[in-house]
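Following: one structure in structure tokens, then a few remarks.
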Amino acid sequence: MMGMRRFVIAALLAVALLPLVIGTSALAVKPDEMLQDPALEARARAISAGLRCPVCQNQSIDDSDAQLARDLRLVVREHLKAGESDAAIRDFLVARYGLFILLRPPLDRGTFLLWFAPVLALGAGAFALLQFARRKRRQPSADAAPLSADEHAEIAALMQADDEARRHSP
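Take our numbering: the last position of the sequence shown gets the number 1304, and nothing is skipped along the way.
Below, the structure written as structure tokens:
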């Protein structure tokens, strides 16, 4: 039991320290993709950090090594070189891939459930646990049930036999 507890603690610690070990240098952007203008490159990084990789799904295109992510990074940079604004580039990609491409989609009627489903699920789970605990408290346990007349008589007989045995023992 203690070995399992130590393993779980070590695993949690490793997961918590993983970002420190990897750091921010794990970006998938290759040198041949980078723009010569540092300001445009910074804008490209900011835009691509907010775009989801359609292949990896839980990574930004800036962090993904997938070929599609590379293609999207290049598209972002081409649009920047053409002089488009950050919003126009995002709008172009949303028009092409839908709101799914955004790591943080806007809060609107279409994404309301996406934003609040975790909160609603936690609330429903807490409510269910509370109801279960209340129901459990209201039910008398089997140990607390009153004794029947036969059970009282049996206990009295056992106690009397115990008393007699003590009196006769030296």
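No residue lacks a Cβ here, since even glycine has one placed at the ideal position from N, Cα and C. The structure displayed is predicted, hence computed values, not measured ones.
Nearest residue (CA-CA) to residue i, options the options
i       : options                               : result
Arg1102 : Val1228, Gly1244 and Gly1137          : There is simply no residue 1102 to check, as the chain begins at 1135 and stops at 1304 in what is shown.
Pro1240 : Asp1197, Asp1196 and Gly1184          : Gly1184
Pro1172 : Arg1211, Ala1148, Leu1202 and Gly1259 : Arg1211
Ile1223 : Gly1257, Arg1179 and Arg1272          : Arg1179
Gly1217 : Lys1164, Arg1269, Glu1175 and Phe1234 : Glu1175
Glu1167 : Asp1199, Gln1191, Gly1257 and Ala1290 : Asp1199
Leu1169 : Phe1266, Leu1208 and Leu1236          : Leu1208
Below-7 Å beta-carbon distance, residue i vs any chain B residue
i       : result
Asp1197 : Included in the structure is just one protein chain, with no chain B present.
Inter-residue spacing [alpha-carbon to alpha-carbon] between residue i and residue j
i       : j       : result
Ala1255 : Leu1248 : 11 Å
Asp1220 : Tyr1231 : 16 Å
Leu1146 : Ala1279 : 45 Å
Met1138 : Ala1262 : 30 Å
Asp1196 : Val1253 : 29 Å
His1213 : Ala1251 : 35 Å
Ala1299 : Gln1273 : 40 Å
Arg1243 : Arg1140 : 46 Å
Those residues which DSSP pairs with residue i across a bridge
i       : result
Arg1211 : Answer by DSSP bridge pairing: none, since Arg1211 is not bridged.
Arg1186 : Ser1194
Leu1236 : Leu1185
Integer Cβ distance of residue i from residue j, believed to fall under 8 Å
i       : j       : result
Ala1203 : Ala1162 : 7 Å
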